[in-house]
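Worksheet for the structure shown next.
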Amino acid sequence: MAPYSRFLLLSLFLLNLTNSLFASAQTAQASQKATQQAVIQTSMGNIEIALFTQKAPVTVANFIAYIQQSAFTGGEFYRVVGPDNDQGSPPISVIQGRTNPQFEDFPPIMLETTKLSGINHTDGTLSMARGGPNTATQQFFICVGEQPSLDYGGARNPDGQGFAAFGRVMAGMDIVSKIQRNRHSKVVEDPYIKNQILAEPIKIIAITLTE
């Protein structure tokens, strides 16, 4: 092999090695970040959020996986709950969102309780909707005001495990509050969610990750 060809191959090898090391460093740096920023674009305006990657790694990884698959494009905030229309106890104030109904859910994730994460359900907290423990997939809610009954040991869920908080609204709580005040609901058979399911859900245009 000619000296020039050997030099060219060595240069290409070193370039690929440098790129690989740089990519690995970027991945490691991203995994060490305490938060990941994202924007929820809705038909009423944008909601800027922070996802707590270190405190709730399983829940955040799951949420980001849905974002990366564009699952929330065409999704919606479809349920609003407040003291005036809540049949549960203690009453709460939240808005609940979900992916595009055409998207097939990923497998359920383990329940990262607030006891594990240390993230309480304060004003603007993002948390996962669920039935039993370890059943959450993609539906999530945003708290309007303090909601301690949703924390571990809270009385809202009979099993006492609470819900998996994983992020917080950084800007756009005015949009969240406007959605939560909407009471144009449709008729449903389940008395538990009476007056909570919006007749015209608020569209989620997309959720995108930002720097």
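Count the sequence shown with mature numbering (1 follows the signal peptide of the UniProt record, and there is no 0) and you get residues -25 to -1, 1 to 186, in order. Positions of the beta carbon are idealized from the N, C-alpha and C atoms, including for glycine. Predicted model only: the values in this text are computed from it and were never measured.
Bounds of any alpha helix (DSSP H) do not take in L125, whose DSSP letter is neither H nor E.
Per DSSP, N37 is one residue of the alpha helix (DSSP H) stretching across P32 to Q43.
Taking every protein chain shown into account, the CB of L26 has 16 or more other CB atoms within 10 angstroms, so this residue is buried. An exposed status is given to H159, since fewer than 16 other beta-carbon atoms sit within 10 Å of its beta-carbon. When the five nearest sequence neighbours on each side are left out, the beta carbons in the same chain lying within less than 8 Å of the beta carbon of I172 are those of Y53, R54, S160, K161 and V163, in order along the chain. Considering only M19, I15 and A31, the residue with the shortest C-alpha distance to A9 is A31. Taking P108 as the centre and dropping the five residues before and after it, the same chain places the C-beta of L86, D134 and Q136 closer than 7 Å to its C-beta, in chain order. Annotated as distal: A40 and I84, with beta-carbon spacing of 7 Å or more. In terms of CA proximity to F141, H96 leads the group H96, M148 and E121.
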